[in-house]
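Engineer:
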Amino acid sequence: MPKPIVVVGSLNFDYLIDVARLPKPNETLIGRGIRTAIGGKGLNQAAACAAFGRPVEMVGAVGADAIGQQALGHLTRKGVGTAHVRTLNDARTGQAHILVAEDGQNMIVVTPGANGRVSSADIDAAESLIAGASAVVVQLEIPLPAVRRALELARAHGILSIVNPAPADPGVLDLLPLADVVTPNELELMALTGITDLSDASLIEGLNALITAGARRAVVTLGSAGCATLAGSELIRIPAFAVRAVDATGAGDTFNGALTDRLIAGETVAEALRYASAAAAISVTRASADAAPTPREVDAFLAQHPAHTNGH
Ligand code: RIB
1 MPKPIVVVGS LNFDYLIDVA RLPKPNETLI GRGIRTAIGG KGLNQAAACA AFGRPVEMVG
61 AVGADAIGQQ ALGHLTRKGV GTAHVRTLND ARTGQAHILV AEDGQNMIVV TPGANGRVSS
121 ADIDAAESLI AGASAVVVQL EIPLPAVRRA LELARAHGIL SIVNPAPADP GVLDLLPLAD
181 VVTPNELELM ALTGITDLSD ASLIEGLNAL ITAGARRAVV TLGSAGCATL AGSELIRIPA
241 FAVRAVDATG AGDTFNGALT DRLIAGETVA EALRYASAAA AISVTRASAD AAPTPREVDA
301 FLAQHPAHTN GH
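Sequence positions in the sequence shown follow this note's numbering and run 1 to 312.
Structure follows, in structure tokens:
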């Protein structure tokens, strides 16, 4: 039996409101409609890893409410183990309110609920699971002490760790000595490192800051500009694939799931990033965060897109 990926993170219920464009501060817009979906960066990344055919176990918390039960059922249908998702009687399941614009861009506000109660003790209770994992994947929609404990256990047991620092919290910088790979998006890289633009020089500075803080590798996702990493002091840019974006919600989650899958498979980082970019490109053509493709779909997409477009 292959070792499971252990995803330590959030489970949410998403309310997605379609709008022509994102609002400005103090502005009122009329929405075009509202959709609901099961989400949460943790849950989405767990589902993405499972879509790539990996056994996956989730560690987290939901409330004792109907949407918590829906989230657990959703994970079970995706083949993700939920034995380490605690149900809390005195908390509500996390919720996210998401505006999705016509161009696919979004704005997200998360109300953590039970996610905010995931503790170091919950992680300790999952130590044997983590010790036998192929990788541990974390994000920042649960408290930092729990994230730290997951990374400490992963490092103690020699397990690959992927840190998706979303949403950005400067406290994550103290955890980077425990991170094998850190994967901010462009806004998170700016928030964490103080870079103010996305020029090559600034990306090198920002990614280097994460390495200096202790991460073994840093990858930044850049939306329609692809993603980038460092090879020594050189910036490697992987351009995005040109697709018609419908909803970028969860594209980063799909990217992280695919990247984790490919790193476990032993691919080089450049290969893994190209594959993860293809998976993310497919996901933005689909509505909602539950959009991770299967390996067959990614392979077909890569066959149809043998060369990258330049920067789109
Ligand atoms: O990354 C997308 C996710 O962010 C949504 O599913 C929402 O729940 C928030 O966690």
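The beta carbon of each residue, even a glycine, is placed where N, CA and C say it ideally should be. If you're wondering where the values come from, they're calculated on a predicted model, not measured in any experiment.
Mind checking which residues open and close the beta strand (DSSP E) that includes residue 160?
Structural biologist: Residues 160-163.
Engineer: Taking the C-alpha atoms as reference points, what is the distance between residue 228 and residue 212?
Structural biologist: Taking the straight line from one Cα to the other gives about 17 angstroms.
Engineer: Residue 186 to residue 220, Cα distance in whole Å?
Structural biologist: Distance between the alpha carbons of residue 186 and residue 220 is about 6 angstroms.
Engineer: Would you tell me roughly how many angstroms separate the C-alpha atoms of residue 59 and residue 8, rounded to the nearest one?
Structural biologist: Those two C-alpha atoms are separated by around 5 angstroms.
Engineer: Which partner residues does residue 36 have in the DSSP bridge list?
Structural biologist: Per DSSP, 15.
Engineer: Would you kindly work out how many angstroms separate the C-alpha atoms of residue 295 and residue 250, rounded to a whole number?
Structural biologist: In a straight line, the C-alpha of residue 295 is about 17 angstroms away from that of residue 250.
Engineer: Where does residue 26 land, buried or exposed, given buried means 16+ other C-beta within 10 angstroms?
Structural biologist: Answer is exposed; the Cβ neighbour count stays below 16.
Engineer: Where do the ends of the alpha helix (DSSP H) carrying residue 223 lie?
Structural biologist: First-last for residue 223: undefined, no H or E at that position.
Engineer: Please work out which residues of its chain come closer than 7 angstroms, Cβ to Cβ, to residue 260, disregarding the five sequence neighbours upstream and downstream, and give them in chain order.
Structural biologist: Closer than 7 angstroms at the Cβ level, and outside the excluded window around residue 260, lie 5, 49, 135, 137, 162.
Engineer: Quick check: the Cα distance between residue 145 and residue 300, rounded to an integer number of angstroms?
Structural biologist: Cα to Cα, the separation comes out at about 41 angstroms.
Engineer: List in chain order the residues whose CB is within less than 6 angstroms of at least one heavy atom of ligand 3.
Structural biologist: As for ligand 3, it is missing from this structure, which binds only ligand 1.
Engineer: Distance check for residue 68 and residue 156, CA to CA, integer angstroms please.
Structural biologist: If you take the alpha carbons of residue 156 and residue 68, they lie about 32 angstroms apart.
Engineer: Quick check on the DSSP output: what are the complete alpha helix (DSSP H) runs of length 4 or more inside the segment 53-82, in order along the chain?
Structural biologist: DSSP runs (the alpha helix (DSSP H)) wholly in the segment 53-82: 66-78.
Engineer: To the nearest angstrom, how far is it from the Cα of residue 203 to the Cα of residue 277?
Structural biologist: Residue 203 and residue 277: Cα-Cα distance of roughly 18 angstroms.
Engineer: Span of the beta strand (DSSP E) holding residue 98?
Structural biologist: Per DSSP, residue 98 belongs to the beta strand (DSSP E) from 94-101.
Engineer: Just to confirm, are residue 275 and residue 298 a CB contact at a threshold of 9 angstroms?
Structural biologist: It is a contact, given that the beta carbons lie within the stated cut-off.
Engineer: Which residue marks the beginning of the alpha helix (DSSP H) containing residue 269, and which one marks its end?
Structural biologist: Taken as a continuous stretch (DSSP letters only), the alpha helix (DSSP H) holding residue 269 covers 269-284.
Engineer: If residue 173 sits next to residue 85, beta carbons under 8 angstroms apart, how far is it from one beta carbon to the other, in whole angstroms?
Structural biologist: Not a contact, Cβ separation roughly 28 angstroms.
Engineer: When you compare each of 23, 272, 238, 268 to residue 101 by their alpha carbons, which one comes out closest?
Structural biologist: Among 23, 272, 238, 268, the Cα nearest to that of residue 101 is on 23.
Engineer: Using the Cβ count rule (16 or more neighbours within 10 Å means buried), how would you classify residue 309?
Structural biologist: Bear in mind that a pLDDT of 43 at residue 309, under 50, signals an unreliable position, so the number given afterwards is only what the model happens to contain. Residue 309 comes out exposed.
Engineer: What are the boundary residues of the alpha helix (DSSP H) that includes residue 148?
Structural biologist: Per DSSP, residue 148 belongs to the alpha helix (DSSP H) from 144-156.
Engineer: Rounded to the nearest angstrom, how far is the Cβ of residue 92 from that of residue 65, given a contact under 8 angstroms?
Structural biologist: With 8 angstroms as the limit, residue 92 and residue 65 qualify as a contact, their Cβ atoms being about 6 angstroms apart.
Engineer: Is it buried or exposed, residue 311, if we count other Cβ atoms within 10 angstroms and call 16 or more buried?
Structural biologist: Legend: pLDDT at residue 311 = 38, less than 50; position of this residue unreliable, no value from coordinates given.
Engineer: Put residue 234 into one of helix, strand or coil per three-state DSSP.
Structural biologist: In the structure shown, residue 234 sits in a strand (DSSP, three-state: E or B).
Engineer: So the candidates are 2, 99, 82; which of them puts its Cα closest to the Cα of residue 287?
Structural biologist: Taking only the C-alpha atoms, the option nearest residue 287 is 99.
Engineer: Comparing alpha-carbon positions, which option in 70, 192, 1 lies nearest residue 95?
Structural biologist: Nearest of 70, 192, 1 to residue 95, Cα basis: 70.
Engineer: Per the DSSP calculation, residue 1 is bridged to which residue(s)?
Structural biologist: According to DSSP, which records beta bridges pairwise, residue 1 is partnered with nothing at all.
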